[in-house]
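Be aware that the sequence shown starts at 1, since it is given in our numbering, and climbs by one per residue.
All C-beta atoms in this analysis are idealised placements derived from N, C-alpha and C, irrespective of residue type, glycine included.
Owing to the predicted nature of the structure, the values given are computational and were not obtained by experimental measurement.
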Amino acid sequence: MSNYHIKHLEEYYQVYRKSVREPEHFWEEIAEEHFMWQRKWDNVLSWDFSKPEVKWFEGAQLNITENCIDRHLATRGNKTAILFEPNDPKEEAELITYNQLHERVNRFANVLKNQGIKKGDRVCIYLPMIPELAISVLACARIGAIHSVVFAGFSATALSTRINDSDCKMVITSDGSYRGAKTIDLKGIVDDALEDCSCVKTVLVAKRIHSNINMKEGRDKWLKPLLEEASTDCKAEVMNAEDPLFILYTSGSTGMPKGMVHTTAGYMVYAAYTFKNVFQYKEDDVYWCTADIGWITGHSYIVYGPLANGATTVMFEGVPSYPDFGRFWEIVEKHKVNQFYTAPTAIRALAKEGLELVEKHDLSSLKVLGSVGEPINEEAWHWYNDNVGKKKSPIVDTWWQTETGGIMITPIPFVTPTKPTYATLPFIGIQPALMDENGKELKGNQVEGRLCVKFPWPSMARTIWGNHQRYKDTYFSAFENKYFTGDGALRDEVGYYRITGRVDDVIIVSGHNLGTAPIEDAVNEHPAVAESAIVGFPHDVKGNALYGYVILKDTGESRNHDNLRKEINQIITEHIGPIAKLDKIQFTSGLPKTRSGKIMRRILRKIAHKDTSNLGDTSTLLNPEVVNDIMDNVL
Ligand code: PRX
């Protein structure tokens with residue numbers, strides 16, 4: 001019997017050891033006993049990190065939607081699969097049973113087919129958090145189309161870059177979206193994006209806000225009539241284990257986002273197995289992850305992981321602050337949520353609003369609390385533990401990435417004793433390594449270094465869409481024969497891991513990954529800007545905020561700095577989205593550079609942190625005099 005559900009610490013250690021000693025045997029048992037296969041694999045794992053190439057369950061055939069939907073129909077047909085909570089609390093929640101989900105996914109899958117979408121085609125999904133988002137994801141998977149969900153907060157430019165990069169044939173969107181008291185013209189953003197995308201032949205439009213939008217003849221089609229006409233019967237496409245399931249873009253250190261490619265079988269097995277254990281999901285529980293399906297957290301832990309376990313998963317359309325900052329707690333009470341998974345930035349924002357809104361609601365249904373996306377600071381951890389969990393619901397601080405597909409380092413609730421700010425122990429099958437700067441692995445405890453993984457796990461991304469070399473360079477070149485995460489971490493005296501933050505040019509703002517290069521590219525588009533450098537600085541709600549150092553072109557004219565700041569942020573909003581706006585913009589005459597012309601970000605970071613007591617060695621700078629100038633004018 002496989003160890004699908006871990007129940008105590010000794011069992012964790014025992015299963016962990018087994019998963020490391022005999023990984024193939026271990027994962028084979030899990031895959032065999034808990035999933036539905038059309039054909040079993042010939043080989044559990046083949047891998048070579050030097051290429052890099054990783055294949056799990058080669059030769060197997062399956063369809064992930066049969067695992068997430070069809071196989072539950074006999075026993076859970078009338079159980080709620082998706083519980084949709086709308087933006088407006090006065091609008092009724094929608095409960096979609098597994099039977100209904102089956103019918104709706106099949107209809108949608110037939111619409112895709114009728115519109116000419118075939119196995120392997122890329123479909124871009126740009127939707128708010130409404131049921132059509134989860135359903136369209138599953139409909140793509142049903143017919144073997146590769147979905148590329150783009151978070152509906154991204155701008156038209158960001159959207160068109162992503163559509164073009166993976167050559168999407170279709171975009172699925174809505175007339176607009178609700179976000180708190182605001183409405184957003186999503187279709188308008190799609191129209192702007194598509195001016196630059198000749199690959200898109202069809203746009204399917206869901207109605208949500210009933211606004212008056214422009215429908216382009218021949219290209220744009222309302223979804224509803226197509227769904228009504230479509231058959232409710234759609235045979236699941238036979239997929240090979242390593243066929244791509246989806247592409248999801250993440251920021252990198254250059255302007256071009258990286259389209260991480262996840263494949264079918266390994267992703268499914270790992271997302272499902274982690275979900276079951278990390279949230280200790282029991283049959284009648286109501287599970288809620290507050291992320292957006294536009295991010296990996298939503299893919300793995302709103303859609304695929306929960307549904308593969310036959311769970312009830314909540315999808316929330318709105319924001320934590322609407323109609324007031326008690327909304328999350330109101331939803332927990334209303335739907336008797338048992339597992340609640342959110343981001344530290346949300347916890348900090350809610351903590352600021354005081355206890356009254358939390359105490360007003362009955363949170364006694366909660367059993368497990370989760371945190372994801374960025375380090376959770378001690379204060380936020382205690383607030384969450386004391387006031388939301390009432391000290392009885394363990395917090396699982398889950399560390400992972402878009403690239404890893406599933407949770408990698410985490411406590412297992414009621415199994416692993418938690419420790420504030422620590423993601424604690426590697427999940428089953430995960431072999432982390434901490435490396436020093438010379439590429440040597442740091443053995444033993446009480447060490448700190450760069451976080452790598454030295455053995456493949458089933459849900460790791462297999463490549464970057466269209467750019468395997470970049471995949472190799474980014475993740476497999478820094479340390480030989482290891483996957484490099486881009487994060488730093490320490491291992492304490494008992495072997496618990498604490499993630500210390502990014503060690504590259506990615507900054508995590510409110511849990512969103514932002515590469516500095518694309519933001520600098522956007523800033524440099526302003527006609528008055530000669531050069532810019534962006535760093536992060538600590539922010540009490542967002543974790544990090546962005547600080548821009550900007551050199552203006554010398555035109556002889558004087559410019560109003562406040563107006564320039566607004567214009568620069570406007571350009572960033574247009575190119576990337578409002579999440580990438582700069583909190584502070586300092587105009588400066590120069591940037592500290594090495595003799596080879598590289599900006600010394602370390603110094604800029606220290607100045608933005610107001611930590612200038614020890615700037616380190618500045619002797620290698622080409623222009624050391626600018627450092628004092630920048631320090632004197634720091635914001
Ligand atoms: O720096 C780590 C941070 O978020 C990065 C991954 O971001 P993304 O691909 O957007 O995925 C976020 C959701 C899985 C990581 O490299 N991060 C994520 N979770 C944690 C974290 N940092 C500290 N603690 C965490 N629990």
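Integer-rounded CB distance, given that residue j should sit under 8 Å from residue i
i	j	result
THR618	VAL626	No, THR618 and VAL626 are not in contact; Cβ-Cβ is about 10 Å, not under 8 Å.
ILE376	ASP397	6 Å
TRP484	ARG450	First, the amino acid is wrong: residue 484 is Phe here, not Trp. That pair is a contact at about 7 Å.
MET260	ILE464	6 Å
PHE49	ASN481	5 Å
LYS584	LEU635	5 Å
VAL358	THR297	Actually they do not touch by this definition, with Cβ atoms about 23 Å apart.
ILE409	PRO394	Rounded, the Cβ-Cβ distance is 15 Å, inconsistent with contact.
ALA461	HIS299	Incorrect: roughly 12 Å between the Cβ atoms, too far for contact.
TYR547	PHE537	5 Å
C-beta contact flag for residue i and residue j at 8 Å
i	j	result
MET124	ILE96	First, the residue type needs correcting, since residue 124 is Cys and not Met in the sequence shown. Going by C-beta atoms, CYS124 is not nearer than 8 Å to ILE96.
LEU138	ALA265	no
SER174	PRO128	yes
ALA351	TRP383	yes
GLN246	SER160	A small fix is needed here, since residue 246 is Phe in this sequence, not Gln. For PHE246 and SER160, no; Cβs fall outside 8 Å.
PRO257	TYR267	no
THR421	GLU378	yes
PRO578	ASN623	no
ALA346	PRO320	yes
THR402	PRO411	no
LEU9	VAL415	yes
ILE519	ILE576	yes
GLN339	TRP288	yes
ASN513	SER251	yes
GLY590	ARG602	no
PRO456	VAL54	yes
HIS539	ALA533	no
ALA241	TRP41	yes
ALA522	ILE571	yes
ILE69	LEU307	yes
VAL286	LEU83	yes
VAL337	VAL314	yes
VAL44	GLU29	no
Residue i versus residue j - alpha carbon distance
i	j	result
LEU186	VAL506	27 Å
GLY326	PRO344	16 Å
VAL190	ASP492	48 Å
THR65	ALA423	31 Å
THR404	LYS610	34 Å
VAL20	ILE428	8 Å
LYS367	VAL503	34 Å
ARG177	TYR126	Reading the sequence as shown, one finds Ser at residue 177 and not Arg. So the two alpha carbons sit approximately 11 Å from each other.
ASP220	ASN3	49 Å
ALA236	ALA81	19 Å
HIS102	VAL509	37 Å
GLU32	GLN38	12 Å
ASN87	THR612	45 Å
PRO458	GLY486	20 Å
7 Å Cβ shell around residue i - same chain, five flanking residues per side excluded
i	result
GLY305	ALA271, ALA272, THR274 and PHE275
PHE479	MET435, GLY439 and CYS452
ASN569	LYS581 and LEU582
LYS113	ILE143
Residue-chain proximity (residue i, chain D), Cβ-Cβ < 8 Å
i	result
ALA265	The chain labelled as chain D is not found in the depicted structure, where only one protein chain is given.
Close Cβ partners of residue i (< 8 Å) along its chain, the five nearest in sequence each way excluded
i	result
LYS79	HIS72, THR97, TYR98, GLY310 and THR312
LEU552	ALA528, VAL529, ALA530, ARG559, LEU564 and PHE587
ILE6	TYR12, VAL15, ASN277, ILE412, VAL415 and ILE428
Neighbourhood of residue i by C-beta, 6 Å cutoff - its chain only, sequence neighbours within 5 removed
i	result
LYS169	ASP121 and LYS201
ASN445	ARG491, GLU493 and GLY495
ASP243	THR264
ASP192	ALA156
LYS454	GLN431, ALA433 and LYS482
LEU442	LEU434, ASP436 and GLY449
According to DSSP, residues forming a beta bridge with residue i
i	result
GLY501	GLY488
THR594	LEU621
GLU85	PHE316
THR573	THR573 pairs with nothing; no bridge assigned.
THR402	Paired residue(s): none; THR402 is not in a bridge.
ASP220	VAL203
SER231	BP columns for SER231 are empty, so no partner.
CYS289	TYR341
MET435	GLU441 and ARG450
Closer than 7 Å: residue i CB and nearest the ligand NAD heavy atom
i	result
SER371	Summarising the ligand content, the structure contains the ligand PRX and does not contain the ligand NAD.
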